[in-house]
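Just below is one structure, and these are the notes that go with it.
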Amino acid sequence: MFMEFQVRNARSDGEWQQACSLLHQVYVNGGYTTDQQAAAFMVRERFENQCETIVAVHDDGRVWGAVLFLNEASSIRQLAQAGEREFRLLGVAETARGQGVGQSLVQACIDRAHAAGAASLVLWTQPKMLAAQRLYERLGFERWPSRDQADERGFTRLVYVRNCLNQRC
18 MFMEFQVRNA RSDGEWQQAC SLLHQVYVNG GYTTDQQAAA FMVRERFENQ CETIVAVHDD
78 GRVWGAVLFL NEASSIRQLA QAGEREFRLL GVAETARGQG VGQSLVQACI DRAHAAGAAS
138 LVLWTQPKML AAQRLYERLG FERWPSRDQA DERGFTRLVY VRNCLNQRC
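The sequence shown maps to residues 18 to 186 in this note's numbering.
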């Protein structure tokens, strides 16, 4: 049974808090980052307006997924070069996985990059995030190993790029 949900920018502090809680659960409880790293990042995002917080909101008002679509001039960009857009921290509630939430959130980023006239959309993921890698590849992203980066936590950040010049980004 597929859930009914709407993808849009977070509209309230309550939705933003739910998104933060969800991302904390996915990334910290999932073992991808630490509490300290996550808390510092989310406060910075919230108060410096570095991104759009895009959420998938279930019909009952619960946030089932979230992603951060970085502003072009965001100081927290890690990959985006001139003419590119970047998204970070895609997370889907465990109970909502397999329902198209992640795909819908990534598609929202693709649509925003296209609307902004971006040459490409970039992201990085951890090597153990296999489901995310399959999703990105299914949505037209390609691995770009020459842009991979070492991460201080002991792994290589795997970079994915979706070219917007040869396809609708």
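C-beta atoms are modelled at their ideal positions from N, C-alpha and C, and glycine is treated no differently.
Taking the beta carbon of residue i as the centre, do at least 16 other beta carbons fall within 10 Å, making it buried, or is it exposed?
{"i": "S92", "result": "exposed"}
{"i": "W51", "result": "The amino acid occupying residue 51 in the given sequence is Thr; Trp does not appear at that position. When all chains shown are included, T51 counts as exposed."}
{"i": "R179", "result": "buried"}
Measuring CA to CA, which of the options is closest to residue i?
{"i": "I71", "options": "D168, G119 and K145", "result": "G119"}
{"i": "A27", "options": "Y49, F158, Q143 and A83", "result": "A83"}
{"i": "P162", "options": "L96, Q23, A130 and A125", "result": "L96"}
Are residue i and residue j closer than 8 Å when you measure CB to CB?
{"i": "A73", "j": "L122", "result": "yes"}
{"i": "L175", "j": "D165", "result": "yes"}
{"i": "R102", "j": "L87", "result": "yes"}
{"i": "S137", "j": "C181", "result": "yes"}
{"i": "A109", "j": "W81", "result": "Residue identity check: residue 109 is Val in the sequence provided, not Ala. Yes, the pair counts as a contact, with Cβ atoms nearer than the cut-off."}
{"i": "A133", "j": "E169", "result": "no"}
On the DSSP bridge assignment, give the partners of residue i in chain order.
{"i": "F158", "result": "None; F158 has no bridge partner."}
{"i": "N26", "result": "I71"}
Out of curiosity, what's the CA-to-CA distance linking residue i and residue j?
{"i": "A148", "j": "L39", "result": "18 Å"}
{"i": "E32", "j": "D76", "result": "13 Å"}
{"i": "M18", "j": "A113", "result": "With a pLDDT of only 44 at M18, under 50, the local geometry of the prediction cannot be trusted, and no value is derived from it."}
{"i": "R151", "j": "V43", "result": "18 Å"}
{"i": "Q34", "j": "G78", "result": "13 Å"}
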